[in-house]
């Protein structure tokens, strides 16, 4: 009965979308992300309502494509996710995981709306595991990497070549370099985005420690 479109299935789908959307949004809210508890609930609920309406139109009027509106949600929700992605003044990109979470929450809502409950529940659990529980694994993989991408601010009075020589003397190589423009700091220091790689096996923290002690470096931040 819950597979067919009726009052009971409609209520069940709405409640399920509230639960799954709330679970996914809870992790983002706990981490104080721009899109949190209510945002995820609304995205999941809205996409569920779209699929319910699409199924209703298809069954009652016997016309149209039962997944046409859902296809519009999949592409349209990307604009909402893009609004959570920001590029800071120091070239640091933030909000990508939140944007991806919003998109997957919408997909989960579409699955609920069409009545594929097993997939919606399994997918919701998988999404929550990725967002909430795999963060430590992601951090471990990043820490074990011998390649570090950094944004640095350096003293204009000291040649940047001094920093390059320091890096080479410590068995590191700069594999990518892009000079950045920061209008607010133009008169104080220069800025650059670069990728440093160890010639031999070296820990992630050791590379950061060497950069921290490098001559002429005012500030640095790791880019994710």
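Numbering (UniProt numbering), first residue to last: 1 to 224.
Beta carbons are placed, not taken as given, at the ideal position from N, Cα and C, and that holds for glycine.
On a predicted model such as this, the values are computed, not experimentally measured, just so you know.
Proximity of residue i and residue j at Cβ, strictly below 8 Å
{"i": "residue 180", "j": "residue 192", "result": "yes"}
{"i": "residue 112", "j": "residue 3", "result": "no"}
{"i": "residue 188", "j": "residue 167", "result": "no"}
{"i": "residue 84", "j": "residue 35", "result": "yes"}
{"i": "residue 239", "j": "residue 162", "result": "One cannot answer for residue 239 here, as it falls past the ends of the chain, which runs 1 to 224."}
{"i": "residue 52", "j": "residue 1", "result": "no"}
{"i": "residue 5", "j": "residue 59", "result": "yes"}
Coarse secondary structure for residue i, derived from DSSP in three states
{"i": "residue 39", "result": "helix"}
{"i": "residue 143", "result": "helix"}
{"i": "residue 47", "result": "helix"}
{"i": "residue 27", "result": "helix"}
{"i": "residue 115", "result": "coil"}
{"i": "residue 169", "result": "helix"}
{"i": "residue 196", "result": "strand"}
{"i": "residue 214", "result": "coil"}
{"i": "residue 17", "result": "helix"}
{"i": "residue 207", "result": "helix"}
{"i": "residue 12", "result": "helix"}
{"i": "residue 190", "result": "strand"}
{"i": "residue 297", "result": "Residue 297 is absent from the structure shown; the chain starts at 1 and stops at 224."}
{"i": "residue 110", "result": "helix"}
{"i": "residue 130", "result": "helix"}
{"i": "residue 4", "result": "coil"}
{"i": "residue 223", "result": "coil"}
{"i": "residue 158", "result": "coil"}
Whole-Å CB distance - residue i paired with residue j, under 8 Å assumed
{"i": "residue 194", "j": "residue 152", "result": "7 Å"}
{"i": "residue 139", "j": "residue 103", "result": "Not confirmed; about 23 Å, so no contact."}
{"i": "residue 50", "j": "residue 73", "result": "5 Å"}
{"i": "residue 150", "j": "residue 221", "result": "7 Å"}
{"i": "residue 198", "j": "residue 146", "result": "4 Å"}
{"i": "residue 114", "j": "residue 55", "result": "7 Å"}
{"i": "residue 155", "j": "residue 218", "result": "6 Å"}
{"i": "residue 120", "j": "residue 108", "result": "6 Å"}
Contacting residues, own chain, Cβ-Cβ under 7 Å from residue i (five flanking each side not counted)
{"i": "residue 105", "result": "21, 24, 40, 43, 44"}
{"i": "residue 177", "result": "192, 194"}
{"i": "residue 158", "result": "215, 216"}
{"i": "residue 200", "result": "171"}
Proximity test, residue i beta-carbon vs the ligand ATP heavy atom, cut-off 7 Å
{"i": "residue 158", "result": "The ligand ATP is not part of this structure, which contains no ligands at all."}
Chain-order list of residues whose beta-carbon lies under 6 Å from that of residue i (same chain, five-residue window excluded)
{"i": "residue 27", "result": "131, 132"}
{"i": "residue 211", "result": "220"}
{"i": "residue 143", "result": "204"}
Own chain residues within Cβ distance below 8 Å of residue i, not counting five before or after
{"i": "residue 37", "result": "22, 25, 26, 28, 29"}
Q) Hey, is the segment 18 to 30 in contact with the segment 124 to 143, meaning 3+ C-beta pairs nearer than 8 Å? A) yes
Q) Taking contact to mean at least 3 C-beta pairs separated by less than 8 Å, is the segment 164 to 180 in contact with the segment 202 to 222? A) yes
Q.
Measuring CB atoms only, is the segment 38 to 50 touching the segment 61 to 77, in the sense that at least three cross pairs come out at less than 8 Å?
A. yes
Q | Stretch pair the segment 130 to 142 + the segment 61 to 74: three plus CB contacts closer than 8 Å | A | These segments do not touch.
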